[in-house]
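Encoded as structure tokens, the structure appears first; notes follow it.
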Amino acid sequence: MSPLPPKKDYIGAMTPMPVKASCAISVRNLRVKYGEREILHGVNFDVPAGETMVILGGSGSGKSTLLRTLVGLERPSSGEIYIMGKEFANISEDERDELRKGIGMSFQSGALFGSMTVGENVALPLQEHTDLDPSTIEIMVRLKLDQVGLSGFENYMPAQLSGGMKKRAAIARALSMDPQVLFFDEPSAGLDPIIAAGIDELILKLKRAFKMSIVVVTHELASAFLIADRMIVLDKGVIVADATTDEMKNSTQPRVRQFLDRVPEPEVTGEIDYLQMLTGDIPPIRQ
Amino acid sequence: MDISTRKVGAATIVDVVGDITLYNSPQVRKVLLDLIKDKKTPRVIVNLERVKYIDSAGVASLVEGLKVSRDQKSSFALFGLSRTAREVLELTRLIKVFEVYNTEEEALAGGAKTDASPAR
Amino acid sequence: MAFTDSIGAATIDGLAYVGGLARLTGGAAKAVFISPFQGKRFHMSRAIHQAMAVGVEALPITSLISFFIGAILAVNAAYELRKFGALHLVASAVAVSMTRELGPLMTAVVVIGRSGSSFAAEIGTMKVNEEIDAMETMALEPISFLVAPKFLAMILMVPCLTAWADFMGVLGGGAFGLAAASFTWGSYIQATLEALIAHDILTGLLKAMFFGLVITAVGCQEGFSTGLGSEQVGRSTTSAVVKSIFAVVMVDLVSTTIFYLTAPR
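Chains as they are written, first to last, in the numbering used here: chain A, 215 to 501; chain B, 189 to 308; chain C, -5 to 259.
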């Protein structure tokens, strides 16, 4: 709702935003460190329930770290994450696993279990976490595969699938527990444009049909503008913009325009920093 | 979720109250299979009027009920779908597979009119 | 100063590594022996599948190697014993060294080569493909899902393989005894049974169980510590083999010493 400029500075979060119960995800003052290097410097945002939030950012912006933290693969050094109103970042592994049953994650590479068939991959969370009868699980697996357009592939091994099919199968697996929140890491990276468009269609359909709240990390602008309700732009571990898709299109903020118009980054390193970087006095960035 | 059954003529109506989810759908499945397979009920009608939400495990349980009833040559129908339940069935392209009615009366009458289910 | 620093650092690294092994083993033991009673699932079918791969499929190669090791032992024993005209002692020399030491050790080497390395490769590949991350986001605990079945299979199957290796080693020694030391099968088996005491066999099997435990822990630990990129899987596999051999020898040294000190005289 709010136009872009007033929300310009989140660093330090002078006025903490209240956590809204209607939000699928609320992130407050999130800081993440790898060793000594801080990757996210106090990030705040909300994902309203039933909407798709796209996290944009160049490489090294911290967007992957943000996603990994949201699904609990990295522990933040400080700050809070609320998923469906429940604190997620500062709880025990067992409590976290309970909450994780309500989320689904589709990895960039698919991350299907290579030793299992596609059907077994989709069935696994159901077998592990529910008391459903095997015949019910079989029907559910076929339903999920049908939803992603992979009917009849349940007995294929992941290695036999093409890149786009692998991603679809991974989405089916992420859907198996009927999650309320779905996360995507670079859903269209490395796919040809037609298949990538198919994945975008699928994401739109999931939101529409299942009222899922969806978080997508991507650097594909066309895809982002197609699927997003809201977007945030992350730059060097700081949110530089948080707005609806339309607001973002018309944004005049220089950092946002620079990202959206694909302007090459101007060289901002100071002389001293540059010298230290060349002489190796600044440790290289750890990926 | 609560589940109860009542006989109306030759048919048995299964009243479900509450959400059908991953964790309680085995109950629904058990009741349905018991009625169709073991008690050989000629017509089983599931009342979904008071089911606000049904997830894919619930849908899969209904599909199992339908399959078993077809194997037994008995009939299986649903009525009183909420908007979200209807959407879920539409999305999974199952709305045309099931015999779906708006009200209990229609569901009972529908069974008398045609013995074979309309969506075959 | 730099020298003492590096010794200190190496010690800390070493202790941290052992701590990691203990954490894995503890987690796996909990998943196998405690969690099933707390309502969590343990998949026996996965453990059985592992037991087949670790134990049954290793039988041919273990048989062959221990048979030849038995024969080699007999030749080496005979080389010394014939100086004293005591060739009849070959049977007991083979029996005791096979059951106490070489049966467990050679089995461990075979298991390291076949299974320890494959644990590292399997888990390492899963790590590289984000499968371990995927598992965690699906609320599946990698230790109970991946490590626990291997752990159970190994602590059961390595002793079983070792018992078989002991037997094959005795047969190998017997083959030499028959050919070169005027034994018959009957007299060779008789001499073997007289030389063996239960303590030797049992300590050998107990050792084998410990070997199974450390091979699992090291193999899985190396898998989990695989870095980014598929070439890292190869590195993990190699390092699992080298570190497992070292760890097995260390466990052997410690347990043999303990058995010696606690043995009935």
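Yeah, the Cβ is synthetic: ideal placement off N, Cα and C, and Gly gets one too.
*Quick one: what does DSSP say residue 305/B is sitting in, helix, strand or coil?*
Reading the second sequence from its first residue, position 117 is the one you call residue 305/B. Confidence is the limiting factor: at residue 305/B the pLDDT is only 44, short of 50, which leaves the residue's position unreliable, though a coordinate-based value still follows. In the three-state reduction of the DSSP assignment, residue 305/B falls in the coil class, being assigned neither a helical nor a strand state.
*asked:* Can you tell me whether residue 229/C is helix, strand or coil according to DSSP?
replied: For this step, residue 229/C is matched to residue 235 along the third sequence. In the three-state reduction of the DSSP assignment, residue 229/C falls in the helix class, which pools H, G and I.
_CA-to-CA distance, residue 187/C to residue 86/C, given in whole angstroms_ = Your numbering for residue 86/C matches position 92 in the third sequence. Your numbering for residue 187/C matches position 193 in the third sequence. Between the alpha carbons of residue 86/C and residue 187/C lies a gap of roughly 8 angstroms.
_What does the alpha-carbon distance come out to for the pair residue 292/A and residue 60/C?_
By one-based count along the first sequence, residue 292/A stands at place 78. By one-based count along the third sequence, residue 60/C stands at place 66. Each residue's Cα considered, the two are about 57 angstroms apart.
*Could you tell me which chain A residues have their CB closer than 7 angstroms to the CB of residue 217/B, listed as they occur along the chain?*
For the purposes of this step, residue 217/B is identified with residue 29 of the second sequence, where counting begins at 1. Taking a Cβ-Cβ threshold of 7 angstroms, the residues of chain A close to residue 217/B are 347, 350, in chain order.
*Assuming residue 195/C contacts residue 93/C under a Cβ cut-off of 8 angstroms, what Cβ separation, rounded to an integer in Å, is found between them?*
Here the question's residue 195/C lines up with position 201 in the third sequence. Here the question's residue 93/C lines up with position 99 in the third sequence. Taking 8 angstroms as the upper bound for CB-CB distance, residue 195/C and residue 93/C are in contact here, some 5 angstroms apart.
*Per the contact definition of three or more C-beta pairs closer than 8 angstroms, is the stretch 238 to 245 of chain C in contact with the stretch 170 to 187 of chain C?*
Contact between the stretch 170 to 187 of chain C and the stretch 238 to 245 of chain C is absent: fewer than 3 CB-CB pairs across the two stretches fall below 8 angstroms.
_Chain-ordered chain C contacts of residue 323/A [CB-CB under 7 angstroms]_ = Taking the first residue of the first sequence as position 1, residue 323/A is located at position 109. Within 7 angstroms of the CB of residue 323/A, the CB atoms of chain C belong to 123, 124, in sequence order along the chain.
*Rounded to a whole number of angstroms, what is the C-alpha to C-alpha distance between residue 213/B and residue 238/B?*
What you label residue 213/B is simply residue 25 of the second sequence in a count that begins at 1. What you label residue 238/B is simply residue 50 of the second sequence in a count that begins at 1. Distance between the alpha carbons of residue 213/B and residue 238/B: 15 angstroms.
_Alpha-carbon spacing of residue 271/B relative to residue 203/B, whole angstroms_ = What you label residue 271/B is simply residue 83 of the second sequence in a count that begins at 1. What you label residue 203/B is simply residue 15 of the second sequence in a count that begins at 1. Each residue's Cα considered, the two are about 18 angstroms apart.
*By DSSP, does residue 226/A sit in helix, in strand, or in coil?*
Here residue 226/A refers to the residue found at position 12 of the first sequence. Note on residue 226/A: pLDDT 39, under 50, position unreliable in the model; the coordinate value appears next. Here residue 226/A sits in coil by DSSP.
*Note down the Cα distance separating residue 140/C from residue 48/C, rounded to an integer number of angstroms.*
Taking the third sequence and counting its residues from 1, the one referred to as residue 140/C is at position 146. Taking the third sequence and counting its residues from 1, the one referred to as residue 48/C is at position 54. The C-alpha of residue 48/C is placed about 14 angstroms away from the C-alpha of residue 140/C.
*Uninterrupted alpha helix (DSSP H) stretches inside the stretch 52 to 135 of chain C (no shorter than 4 residues)*: Runs of the alpha helix (DSSP H) inside the stretch 52 to 135 of chain C: 53 to 75, 84 to 91, 97 to 105, 111 to 122, 125 to 131.
*alpha helix (DSSP H) segments (min. 4 residues) lying fully within the stretch 436 to 487 of chain A*: As far as the stretch 436 to 487 of chain A is concerned, its whole alpha helix (DSSP H) runs of at least 4 residues are 459 to 463, 468 to 474.
*asked:* Buried or exposed for residue 215/C, going by 16 or more other Cβ atoms inside 10 Å?
replied: By one-based count along the third sequence, residue 215/C stands at place 221. By the 10 Å Cβ count, residue 215/C comes out buried.
_Collapsed DSSP secondary structure at residue 218/A in the structure displayed_ = Here residue 218/A corresponds to residue number 4 of the first sequence, with the count starting at 1. With a pLDDT of 41 at residue 218/A, under the threshold of 50, the modelled position of this residue cannot be trusted; read the value that follows with caution. If DSSP states are grouped into helix, strand and coil, residue 218/A belongs with coil.
*What do you reckon, are the CB atoms on residue 223/C and residue 113/C nearer than 8 angstroms?*
The sequence position of residue 223/C within the third sequence is 229, counting from 1. The sequence position of residue 113/C within the third sequence is 119, counting from 1. Taking 8 angstroms as the Cβ cut-off, residue 223/C and residue 113/C do not qualify as a contacting pair.
_Span of the beta strand (DSSP E) around residue 211/B_ = Taking the second sequence and counting its residues from 1, the one referred to as residue 211/B is at position 23. DSSP places residue 211/B in no beta strand (DSSP E); its state is neither H nor E.
*asked:* Counting only Cβ pairs nearer than 7 angstroms, list the residues of chain B close to residue 392/A.
replied: Reading the first sequence from its first residue, position 178 is the one you call residue 392/A. Using a Cβ-Cβ cut-off of 7 angstroms, residue 392/A is close to 210, 243, 244 of chain B, given in chain order.
_Between the CA atoms of residue 345/A and residue 234/B - distance to the nearest angstrom_ = As a first step, residue 234/B must be located in the second sequence, where it is residue number 46. As a first step, residue 345/A must be located in the first sequence, where it is residue number 131. Rounded to the nearest angstrom, the two C-alpha atoms are 22 angstroms apart.
*asked:* Less than 8 angstroms between CB atoms is the rule here; does residue 213/B satisfy it with respect to chain A?
replied: As a position in the second sequence, residue 213/B is number 25, starting the count at 1. At a cut-off of 8 angstroms, the C-beta of residue 213/B has a neighbouring C-beta in chain A.
_Neighbour flag for residue 76/C against chain A, beta carbons, 8 angstroms_ = The residue given as residue 76/C occupies position 82 in the third sequence. The beta-carbon of residue 76/C is placed no less than 8 angstroms from the nearest beta-carbon of chain A.
*Check the Cβ of residue 295/B against every Cβ in chain A and list those closer than 7 angstroms, keeping chain order.*
Position 107 of the second sequence, counted from the first residue, corresponds to residue 295/B. Correct list: empty, because the minimum Cβ distance to chain A is about 23 angstroms.
*Run the CB neighbour count on residue 244/C, radius 10 Å, all protein chains shown included, and call it buried at 16 or more, exposed below.*
Residue 244/C sits at position 250 when you count from the first residue of the third sequence. Label assigned to residue 244/C: exposed.
_chain A contact for residue 229/C (CB, 8 angstroms cutoff)_ = In the third sequence, residue 229/C corresponds to position 235, counting from 1. Residue contact check for residue 229/C against chain A: no CB pair falls below 8 angstroms.
*If you measure from the beta carbon of residue 127/C to each beta carbon in chain A, is any gap under 8 angstroms?*
Here residue 127/C is taken as the residue at index 133 of the third sequence, counted from 1. True, the Cβ-Cβ gap to chain A drops below 8 angstroms.
*asked:* Check whether chain B comes within 8 angstroms of residue 423/A, counting only Cβ atoms and requiring the distance to be less than that.
replied: Against the first sequence, residue 423/A aligns to sequence position 209. At least one chain B Cβ lies under 8 angstroms of residue 423/A.
*Buried/exposed call for residue 304/A, threshold 16 Cβ in 10 Å*: Residue mapping note: residue 304/A aligns to position 90 of the first sequence, counting from 1. By the neighbour-count criterion, in which a residue is buried when 16 or more other Cβ atoms sit within 10 angstroms of its Cβ, residue 304/A is exposed.
*asked:* Excluding the 5 residues flanking residue 254/C on each side, which residues of the same chain have their C-beta closer than 8 angstroms to its C-beta?
replied: Looking up residue 254/C in the third sequence gives position 260. Hits under 8 angstroms: none found.
*asked:* Taking a contact to mean a Cβ-Cβ separation below 8 angstroms, would you say residue 430/A touches residue 446/A in this structure?
replied: Along the first sequence, read from residue 1 onward, the residue named residue 430/A stands at position 216. Along the first sequence, read from residue 1 onward, the residue named residue 446/A stands at position 232. Judged by beta-carbon spacing, residue 446/A lies beyond the 8 angstroms limit of residue 430/A, meaning their Cβ atoms are not closer than that value.
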